[in-house]
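What follows is one structure encoded as structure tokens, with my remarks underneath.
Protein chains: 2
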Amino acid sequence: MTRGTARDALLSAATALFGERGYDRTTTRDLADRAGVDAALIARYFGGKPGLYLAALQVELGDGTPPDLLQPERMAGLLGRLDARGAGPVFQSAVRAHDDDAVQVAAREALHARVVTPLRDRFARDGRDRPQLRAELAAAAFTGVVLGRGSGAFPALEKVPADDLVALLTDLLGG
Amino acid sequence: MTRGTARDALLSAATALFGERGYDRTTTRDLADRAGVDAALIARYFGGKPGLYLAALQVELGDGTPPDLLQPERMAGLLGRLDARGAGPVFQSAVRAHDDDAVQVAAREALHARVVTPLRDRFARDGRDRPQLRAELAAAAFTGVVLGRGSGAFPALEKVPADDLVALLTDLLGG
DNA sequence: GAGTGATGTCATCACTTGGTGACTCTATCG
DNA sequence: CGATAGAGTCACCAAGTGATGACATCACTC
Numbered sequence: 761m762t763r764g765t766a767r768d769a770l771l772s773a774a775t776a777l778f779g780e781r782g783y784d785r786t787t788t789r790d791l792a793d794r795a796g797v798d799a800a801l802i803a804r805y806f807g808g809k810p811g812l813y814l815a816a817l818q819v820e821l822g823d824g825t826p827p828d829l830l831q832p833e834r835m836a837g838l839l840g841r842l843d844a845r846g847a848g849p850v851f852q853s854a855v856r857a858h859d860d861d862a863v864q865v866a867a868r869e870a871l872h873a874r875v876v877t878p879l880r881d882r883f884a885r886d887g888r889d890r891p892q893l894r895a896e897l898a899a900a901a902f903t904g905v906v907l908g909r910g911s912g913a914f915p916a917l918e919k920v921p922a923d924d925l926v927a928l929l930t931d932l933l934g935g
Numbered sequence: 761m762t763r764g765t766a767r768d769a770l771l772s773a774a775t776a777l778f779g780e781r782g783y784d785r786t787t788t789r790d791l792a793d794r795a796g797v798d799a800a801l802i803a804r805y806f807g808g809k810p811g812l813y814l815a816a817l818q819v820e821l822g823d824g825t826p827p828d829l830l831q832p833e834r835m836a837g838l839l840g841r842l843d844a845r846g847a848g849p850v851f852q853s854a855v856r857a858h859d860d861d862a863v864q865v866a867a868r869e870a871l872h873a874r875v876v877t878p879l880r881d882r883f884a885r886d887g888r889d890r891p892q893l894r895a896e897l898a899a900a901a902f903t904g905v906v907l908g909r910g911s912g913a914f915p916a917l918e919k920v921p922a923d924d925l926v927a928l929l930t931d932l933l934g935g
């Protein structure tokens, strides 16, 4: 390992592994192995496993508020990333609490900022009733589909191409 | 603890705790404490933690094929039970793999038998295209909503009364 | 080239978890 | 009574996990 890159290697490994397996199922040793680095460096550089996750999340959130899910390009882009890299702690936080509180809170906030709030604003603009509830309902349903697509429990759902799924989901969530 | 009831106590504790926390997050010591029993008895009576889960699942599955989710009474009944007792490994299997393979397989099978297949049959009867895919999509979306309702990530979704939710979901999944 | 601080390595700790085997206790039967 | 089998208790193990602190090594400055 070249000198001084352990920090970056850990951040990359964190993005990849937390995305694939979620937070709880990723161990510090897994992260260190993937990064090609000693596990003790996680504590040194990030204070511990939660700190590493939070730092990796910050890296990923850079851009401002994204468009809402009902815009097909947004949905397609998101589905593509999720299929490629796994859903990760952000979506998993919608469905099950994480071991670490700070991680859980950060993941929830990211989910709201990037999925729920844009949807709520759209529903409100369109004059739908109970826009917050509808946005949360749509986000929860979307989460179920996204996670279900990677869980092995739904063969047909896993086989369907991403663009077919975009059409089905836009229809489902927009109605 | 009265003599000879440890087995039953463990089965009750298993139904309750696996329902509340899911399989992975329930430890054998939790189960034994809840049952008021020594943890070693799990191994003696059920061969181990997976065996206890499978036995508890058998107890719960007794009845035959239930009606499909789009029948409001079925949806209301299911939501009521899930709100009261937690979603449990069956729904969690839709969204994330369990540690134990046998548990994962059994939970998936229960999910298909009790949710996916009835929906698929209904969609097929109604002449919808791709009934299997639509059934899996609806089951995954429903799972997201059910788990999201208990995750703490969706305040509005958690506050909405069950009957309102039945209407919203029937509308969402039936369209 | 000696000192200094950042960087990386290693052995090890404390704790959790599922599991095992030897033991005790009790009830029943001869 | 005394033997036996079933039920329950207890101490312990092995693996895995996150974390820590002592030590080594390198880059850079004076």
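Chains W and Y supply the protein sequences, listed in that same order.
First residue of the first sequence? That's 761 in this note's numbering, and the numbers climb one at a time after it.
First residue of the second sequence? That's 761 in this note's numbering, and the numbers climb one at a time after it.
C-beta: ideal position from N, C-alpha, C; glycine also.
- One Cα belongs to Q818 of chain Y, the other to T825 of chain Y, and the distance between them is close to 14 Å.
- The DSSP-derived three-state label of P921 of chain Y is coil.
- For the 8 Å CB-CB criterion, R894 of chain Y and F883 of chain Y form a contact.
- For the set W:L897, W:L917 and W:E896, the Cα lying nearest the Cα of V905 of chain W is the one of W:L917.
- Contact of S772 of chain Y with chain W by beta-carbon distance below 7 Å is absent, the smallest such distance being about 23 Å.
- Of all residues in the segment 903-921 of chain Y, only T903, G904, V905, L907, G908, S911, G912, A913, F914, A916, L917 and V920 come within less than 7 Å of chain W when Cβ atoms are compared, listed by chain position.
- Residues of chain W with a Cβ closer than 8 Å to the Cβ of L801 of chain Y do not exist; the shortest Cβ-Cβ separation is about 28 Å.
- Close to chain W, meaning a Cβ-Cβ distance shorter than 8 Å, is no residue of the segment 813-831 of chain Y at all.
- CA-CA distance, L791 of chain Y to G848 of chain Y, rounds to 14 Å.
- In terms of beta-carbon proximity, A769 of chain W stays away from the interface with chain Y, with every pair separated by 8 Å or more.
- Fewer than three beta-carbon pairs drawn from the segment 848-865 of chain Y and the segment 787-806 of chain Y are found closer than 8 Å, and the two stretches are therefore not classed as touching.
- Within chain Y, the residues placing a beta-carbon under 7 Å from that of A900 of chain W are G904, V905, G908, F914 and L917, ordered along the chain.
- DSSP, reduced to helix, strand and coil, places A854 of chain W outside both helices and strands of the structure shown, so it counts as coil.
- Collapsing the DSSP output to three states places F778 of chain W in a helix.
- Rounded to whole angstroms, A815 of chain W and L842 of chain W show a C-alpha spacing of 20 Å.
- Counting every other CB atom within 10 Å of its CB across the protein chains shown gives T786 of chain Y a total of 16 or more, marking it as buried.
- Sequence-distant partners of A870 of chain Y (beyond 5 residues in either direction) whose C-beta falls short of 7 Å from its own C-beta, in its chain, are L817, L821 and V850.
- Contact of A862 of chain W with chain Y is not assigned, every C-beta pair being separated by 8 Å or more.
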